[in-house]
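Here's the structure, in structure tokens; my notes come after.
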Amino acid sequence: TRVAASHIRVGTLQLFALRQDEQALRALADHVLERHYPHLDRTADDRYVQLFAAICRRQAELIAQWLLLGFIHGVMNTDNMTLSGETIDYGPCAFMDAFKAGQVFSSIDQRGRYAYQNQPAIGQWNLARLAEAMLSLFPGDEDAAIQQATTILKDYNNIHSQAWEQGMVRKLGFSSVVAGDVQRIAGLLELLEQGALDYTLFFRRLGQVTQPNADRSPVLSLLNLPDCRNNAALERALHEWLDEWQQQLAQRETESAEVIARMQSVNPAIIPRNHRVAEAIEAAENDDFSVFETLLSALEQPYAEQAAFEHYQLPPEPEQKVLRTFCGT
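If you read the sequence shown in this note's numbering, its first letter stands for residue 1, the second for the next number, and so on.
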């Protein structure tokens, strides 16, 4: 869980800033520039401002990808956010089954600080701490440095939102974002949460019902899963959403094969569901690594339909559910 391009974290720069070790802080920032951001001009007066902006962009786009896939890091503090644009220490991480904006799995996250929907804001908070550590490297006086950092941190929200919106419309089969898409997405996520519908399966199966005359049973059958809170109002609302979505697809996208290919390329068939990971761990603790190896084989092609691994697509039965994950996982 700590394999990464870099182990230099936000917390690393915080440490040197706390010690007021300007020489070490600058040397480390120069190393990060050279190794991880070689496209930036290392002779520019504002090179550290550029570095901070580049780190913010990578993290904003990374966290957008998490949300698109239903991923929850679980312990996203400044010591687990790297300056290369990654995160590390995935002990309590998890992919959610049923969609829930406030979903938490990590046993140490008692108050939901790192909940699914909170991750973009926590990412920005971490980066604000990075800005504090780097301020002395920015050109100009302290007020000018603060203004530069504030502008970049505000832009983080725009970068993240744009990446998430573009990703979500692709999950719905569209090639670009237009007016009304954000509301359409919000309406769908509200339905998924109301019904406790499986996030991954819903989007994967949505690719089977792109045509107005398509059999909707691949999607509607999700309403019959054990944990789904199905009712007539939910089913009616889901039909209405599908009607409007299909109309939009017909108006905006002319090649149905491209739509389906686009959806299959961003909506995984298989994710490492908690109960499958738990099975692999339990078997490995008993010196049986075959369960892990089979799961790994399935996950090597998560966007492919693999007949041999169809059972890995399914959410857990009630007795299989994993509600808490731990740092030692």
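A virtual CB, placed ideally from N, CA and C, is assigned to each residue, including glycine.
Note that this is a predicted model, so its numbers are computed, not measured.
Distance, residue j Cα to residue i Cα
{"i": "L191", "j": "A278", "result": "29 angstroms"}
{"i": "E22", "j": "F16", "result": "7 angstroms"}
{"i": "K321", "j": "Y199", "result": "15 angstroms"}
{"i": "A232", "j": "A284", "result": "44 angstroms"}
{"i": "F170", "j": "P212", "result": "Just to set this straight, residue 170 is Arg in the shown sequence, not Phe. If you take the alpha carbons of R170 and P212, they lie about 19 angstroms apart."}
{"i": "T43", "j": "D30", "result": "10 angstroms"}
{"i": "Y156", "j": "G123", "result": "9 angstroms"}
{"i": "D45", "j": "D181", "result": "41 angstroms"}
{"i": "Q20", "j": "N286", "result": "49 angstroms"}
{"i": "L153", "j": "A307", "result": "45 angstroms"}
{"i": "V219", "j": "R129", "result": "43 angstroms"}
{"i": "Q103", "j": "L249", "result": "30 angstroms"}
Under the three-state DSSP convention, the category residue i falls into
{"i": "I159", "result": "helix"}
{"i": "I72", "result": "strand"}
{"i": "A196", "result": "coil"}
{"i": "M96", "result": "coil"}
{"i": "R42", "result": "coil"}
Cβ distance (whole Å) where residue i is taken to contact residue j below 8 angstroms
{"i": "R324", "j": "F174", "result": "So it is not a contact: roughly 37 angstroms between Cβ atoms."}
{"i": "H39", "j": "A5", "result": "That belief does not hold up - the Cβ atoms of H39 and A5 are roughly 15 angstroms apart, past 8 angstroms."}
{"i": "I55", "j": "L28", "result": "Not really, about 13 angstroms apart at Cβ, beyond 8 angstroms."}
{"i": "I159", "j": "R57", "result": "5 angstroms"}
Close beta carbons around residue i, own chain, < 7 angstroms, minus the five adjacent residues each side
{"i": "W241", "result": "G187, L188, L191"}
{"i": "F326", "result": "G91, P92, S107"}
{"i": "L51", "result": "A29, V32, L33, Y37, L40"}
{"i": "T78", "result": "R9, V10, G11, Q14, N126, R129"}
{"i": "E305", "result": "A269"}
Of the listed residues the options, nearest to residue i (C-alpha basis)
{"i": "Q313", "options": "G167, N267, A144", "result": "N267"}
{"i": "L69", "options": "Q264, Q248, V291, L296", "result": "Q264"}
{"i": "L234", "options": "A269, Q194, S221", "result": "Q194"}
{"i": "I185", "options": "N213, S221, M168", "result": "M168"}
{"i": "T294", "options": "R229, A98, R276, Y303", "result": "R276"}
{"i": "T151", "options": "A53, N274, I270", "result": "A53"}
{"i": "Y346", "options": "R262, P316, I281, P318", "result": "Because the chain spans 1 through 329 in this model, residue 346 falls outside it and cannot be assessed."}
{"i": "Y48", "options": "E317, F309, Q246, A133", "result": "A133"}
Residues near residue i in its chain [Cβ-Cβ closer than 6 angstroms; skip 5 each side]
{"i": "A149", "result": "A131"}
{"i": "E86", "result": "A4"}
Spatial neighbours of residue i in its chain, beta-carbon cut-off 8 angstroms, leaving aside the 5 residues before and after
{"i": "F289", "result": "A283"}
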